[in-house]
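Colleague: Please see the structure below; I have some questions.
In this note's numbering, the protein residues as written are 75 to 281.
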């Protein structure tokens, strides 16, 4: 992701400003059709690094997809960040809950629900039964359970993803330790055999 954002800076011009001529009031960022991204300094630097990255990928989505759809830009950012960071799914939903204002944007609930369903599908596709069950509930007309602003919360299905990532990381670490131990033992065994062979050769030469 760091490399991608580095390349992003090369391919697109990023301008940090608080000039209302380039940004709608309350908007953390915007992008033009010719690839100039304007970052609202008054809002952007109050956000977490994760939230900042999501916002940038969202704007890149507008530009790369040639779309004005906030839903499509959200989905573009989702695919760039899902599973790349600890609690990434939960944090993406929290980002929308933090930066969006329902009083000025009537589509806020729909955007959060759309992103929430992407998160559930991401988990369900990876064997999370709770996520699959929640996705089915929503398909049947169930309401989205969410928090507000900086106190963002999600359902157990999203929380389960975080645990899954941690478990996978721990399993990977344990496997690496086991492999390292096995390789070390194999190398030691090979060293012993080599020394024995050299010893036999030396004895034969001395005779």
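Beta carbons: idealized from backbone N, C-alpha and C, even for Gly. Please read all numbers here as calculations on a predicted model, not as lab measurements.
Measuring only the C-alpha atoms, how far is residue 125 from residue 169?
Modeller: Answer to the nearest angstrom: the Cα atoms are 6 Å apart.
Colleague: Hey, how far is the Cα of residue 215 from the Cα of residue 204?
Modeller: Rounded to whole angstroms, residue 215 to residue 204 spans 17 Å at the Cα level.
Colleague: Expressed to the nearest angstrom, what Euclidean distance is found between the alpha-carbon atoms of residue 60 and residue 180?
Modeller: Residue coverage of the chain in this structure runs from 75 to 281, which leaves residue 60 outside it and unanswerable.
Colleague: When you compare each of 132, 155 and 102 to residue 175 by their alpha carbons, which one comes out closest?
Modeller: Among 132, 155 and 102, the Cα nearest to that of residue 175 belongs to 102.
Colleague: With 16 other CB atoms within 10 Å as the buried threshold, where does residue 162 fall?
Modeller: By the neighbour-count rule (16 or more Cβ atoms within 10 Å), residue 162 is buried.
Colleague: Counting along the chain, where does the beta strand (DSSP E) carrying residue 156 start and finish?
Modeller: Element bounds for residue 156: n/a, residue is neither H nor E.
Colleague: Taking residue 172 as part of the beta strand (DSSP E), name the residues at either end of that continuous run.
Modeller: Here residue 172 belongs to no beta strand (DSSP E); instead the alpha helix (DSSP H) covers 162-173.
Colleague: So, for residue 118: in the same chain, excluding its five sequence neighbours on each side, which residues have a beta-carbon less than 8 Å away from its beta-carbon?
Modeller: Only 90, 102, 103, 126 and 129 meet the Cβ criterion.
Colleague: Taking the alpha carbon of residue 121 as the point to measure from, which residue in 173, 199, 108 and 211 has its own alpha carbon closest?
Modeller: Nearest option by C-alpha distance: 173.
Colleague: In the DSSP assignment, find the beta strand (DSSP E) that holds residue 87 and state where it starts and stops.
Modeller: Here the beta strand (DSSP E) through residue 87 covers 87-91.
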